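Going by the working numbering, the residue at position 114 of the sequence shown is 188; the numbering climbs one at a time, nothing skipped. Glycine included, C-beta positions come from ideal geometry on N, C-alpha and C. Treat the numbers as computed from the prediction; the structure is a model and nothing was measured. Quick notes on the structure that follows.
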Amino acid sequence: MTANAGWLVNQLPAIMRRDPVISGFVRAFEEIGDSVREQVIDIEHELDVNLASPEMLVYMASWIGVDVDAAMLASEDAVVRDAQRRLIRAVGQALVWRGTSRGLELLLEALTDSRVDVYDSGGVFGPRDDVPQASHVVTVELDHTGLLTKKQVMTFLAEELPIGVRVDLVVRSEQQEQR
Numbered sequence: 075m076t077a078n079a080g081w082l083v084n085q086l087p088a089i090m091r092r093d094p095v096i097s098g099f100v101r102a103f104e105e106i107g108d109s110v111r112e113q114v115i116d117i118e119h120e121l122d123v124n125l126a127s128p129e130m131l132v133y134m135a136s137w138i139g140v141d142v143d144a145a146m147l148a149s150e151d152a153v154v155r156d157a158q159r160r161l162i163r164a165v166g167q168a169l170v171w172r173g174t175s176r177g178l179e180l181l182l183e184a185l186t187d188s189r190v191d192v193y194d195s196g197g198v199f200g201p202r203d204d205v206p207q208a209s210h211v212v213t214v215e216l217d218h219t220g221l222l223t224k225k226q227v228m229t230f231l232a233e234e235l236p237i238g239v240r241v242d243l244v245v246r247s248e249q250q251e252q253r
């Protein structure tokens with residue numbers, strides 16, 4: 075029995091609660107329900123990317139199409155571990171923004187742990203809005219590439235952006251070093 079014993083029986087009308095057959099029958103369902111509740115009581119913590127075990131994170135990542143390494147998620151190196159968690163969180167958040175500059179910013183911020191700005195000519199425009207000149211250039215500005223190389227960032231962008239789009243990648247830290 076759990077601390078919440080009677081939680082289902084107490085929902086019955088008083089006349090039914092007093093009937094031993096009905097209340098016994100409902101108690102059986104209550105015990106089944108208790109076993110399920112005990113298994114899912116911490117589901118909100120298991121689905122929290124910050125608190126979930128490495129095994130659960132690998133499973134969660136598979137739901138959203140992210141291939142992560144359980145060993146990296148369990149790594150003693152906080153930078154590596156946090157980067158993996160940040161990526162899973164960002165992909166989940168970016169799903170609704172997929173195909174937009176905001177979605178690209180979310181993913182790149184997670185991958186590089188850097189501030190990212192994406193500029194393109196796309197958008198939603200009303201009948202009275204000024205529509206910018208169409209361009210096949212997407213400008214991506216980020217503070218730094220984090221643990222990735224510039225080539226890895228460009229490979230990621232090639233996967234995320236439509237074919238035929240040219241990418242201008244600006245790494246702000248490189249510009250400051252050149253000054």
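I need the DSSP call for E233, collapsed to helix, strand or coil.
For the purposes of this step, residue 233 is taken as the residue at position 159 of the sequence shown. Of the three classes helix, strand and coil, the one that applies to E233 here is helix, per DSSP.
Cβ distance (whole Å) where A164 is taken to contact E183 below 8 angstroms:
One-based indexing of the sequence shown puts residue 164 at position 90. One-based indexing of the sequence shown puts residue 183 at position 109. A164 to E183, Cβ: 7 angstroms. Contact.
Verify whether the separation of the beta carbon atoms of T219 and V245 is less than 9 angstroms.
By 1-based counting over the sequence shown, the position of residue 219 is 145. By 1-based counting over the sequence shown, the position of residue 245 is 171. Closer than 9 angstroms, so yes.
Return the chain-ordered ranges of every beta strand (DSSP E) run that is complete within the stretch 193-227 and spans a minimum of 3 residues.
Taken in chain order, the whole beta strand (DSSP E) runs of length 3 or more contained in the stretch 193-227 are 211-216.
To the nearest angstrom, report how far apart A145 and S247 are at their CA atoms.
On the sequence shown, residue 145 is found 71 positions in, with the first residue counted as 1. On the sequence shown, residue 247 is found 173 positions in, with the first residue counted as 1. Roughly 31 angstroms between the two C-alpha positions.
Within 10 angstroms of its Cβ, does V192 collect 16 or more other Cβ (buried), or is it exposed?
One-based indexing of the sequence shown puts residue 192 at position 118. When all chains shown are included, V192 counts as buried.
Where does the unbroken beta strand (DSSP E) through R155 begin, and where does it stop?
In the sequence shown, residue 155 corresponds to position 81, counting from 1. R155 -> not in any beta strand (DSSP E); alpha helix (DSSP H) instead, spanning A152 to A168.
Applying the criterion that 16 or more other CB atoms from any shown protein chain within 10 Å of the CB defines a buried residue, is M75 buried or exposed?
The count along the sequence shown starts at 1 and reaches residue 75 at position 1. Residue placement at M75 cannot be trusted, given a pLDDT of 48 that sits under 50; what the coordinates show is reported in the next sentence. When all chains shown are included, M75 counts as exposed.
Going straight from the alpha carbon of G196 to that of E233, what length do you get?
Translated into the one-based positions of the sequence shown, residue 196 becomes position 122. Translated into the one-based positions of the sequence shown, residue 233 becomes position 159. C-alpha separation (whole angstroms): 18 angstroms.
What's the gap between the Cα of L216 and the Cα of V190?
Against the sequence shown, residue 216 aligns to sequence position 142. Against the sequence shown, residue 190 aligns to sequence position 116. Cα-Cα distance, rounded: 4 angstroms.
Between the Cα of E150 and the Cα atoms of M134, P128, G166 and I162, which residue gives the shortest distance?
Sequence index remark: in the sequence shown, residue 150 carries index 76 (1-based). In this structure, P128 is the residue among M134, P128, G166 and I162 with its C-alpha nearest to the C-alpha of E150.
Considering only C-alpha positions, which residue in the set L131, S97 and P236 is nearest to R172?
Numbered from 1 along the sequence shown, position 98 holds the residue referred to as residue 172. If we check each option's Cα against that of R172, P236 comes out closest.
Near L222, what residues of its chain come up, given a Cβ to Cβ distance below 7 angstroms and the 5 sequence neighbours on each side ignored?
Along the sequence shown, one-based indexing puts residue 222 at 148. The answer, listed in chain order, is L185 and T186.
Return the CA-CA distance between M134 and E112, expressed in angstroms with no decimal places.
In the sequence shown, residue 134 corresponds to position 60, counting from 1. In the sequence shown, residue 112 corresponds to position 38, counting from 1. Spanning the two alpha carbons is a distance of roughly 21 angstroms.
Buried or exposed for Q207, going by 16 or more other Cβ atoms inside 10 Å?
Here residue 207 refers to the residue found at position 133 of the sequence shown. Exposed, because fewer than 16 other Cβ atoms sit within 10 Å of the Cβ of Q207.
Between which residues of its own chain and A168 is the CB-CB distance below 7 angstroms, once the five residues before and five after are set aside?
Counted from its first residue, the sequence shown places residue 168 at position 94. Within the same chain, A168 has close Cβ partners G177, L180 and L181.
Quick check on the burial criterion: 16 or more other C-beta atoms within 10 angstroms. Buried or exposed for S188?
Looking up residue 188 in the sequence shown gives position 114. So S188 counts as buried.
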